[in-house]
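Each residue of the sequence shown is one higher than the last, beginning at 0 in the working numbering. Backbone N, C-alpha and C define an ideal beta-carbon position, used for all residues, glycine too.
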Amino acid sequence: MESTLSADIGDSYGAAQAAIRDMEFASVSQKKSSIDAELVARTALDKRVEIVLKKVDDRVTNVSIRIGVFGDETLSLAVLEKIKANL
Numbered sequence: 000m001e002s003t004l005s006a007d008i009g010d011s012y013g014a015a016q017a018a019i020r021d022m023e024f025a026s027v028s029q030k031k032s033s034i035d036a037e038l039v040a041r042t043a044l045d046k047r048v049e050i051v052l053k054k055v056d057d058r059v060t061n062v063s064i065r066i067g068v069f070g071d072e073t074l075s076l077a078v079l080e081k082i083k084a085n086l
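Following this line, the structure appears as structure tokens:
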């Protein structure tokens with residue numbers, strides 16, 4: 000799932016970290032630079048959750064969410080909504 004956030008990369012990264020905490024996922028890794036970021040976590044059922052952020056400009060960030068190998072649209076949407084709620 001891909002979407003665009005009306006926030007800079009730093010705020011988007013913080014919102015993604017908060018979403019992982021709020022949803023009680025186990026954080027595996029987190030990497031961030033001034034132009035992109037990647038957060039990887041696991042659900043209780045050990046599904047891999049990957050959130051990739053890419054800076055578009057100073058106030059816009061692209062977000063890509065992937066759940067497991069084949070994707071899970073419902074859970075991806077829930078993660079996206081949680082990120083937006085934390086902005």
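Rounded to whole angstroms, the separation of the alpha carbons of residue 60 and residue 25 is 24 Å. The alpha-carbon of residue 58 is positioned some 8 Å away from that of residue 8. A direct Cα-to-Cα measurement between residue 11 and residue 47 gives close to 20 Å.
Between the alpha carbons of residue 5 and residue 51 lies a gap of roughly 15 Å. For residue 21, the three-state secondary structure derived from DSSP is helix.
Excluding residues up to 5 positions away in sequence, 19, 24, 25, 26, 27 and 48 lie with their Cβ nearer than 7 Å to the Cβ of residue 40 in the same chain.
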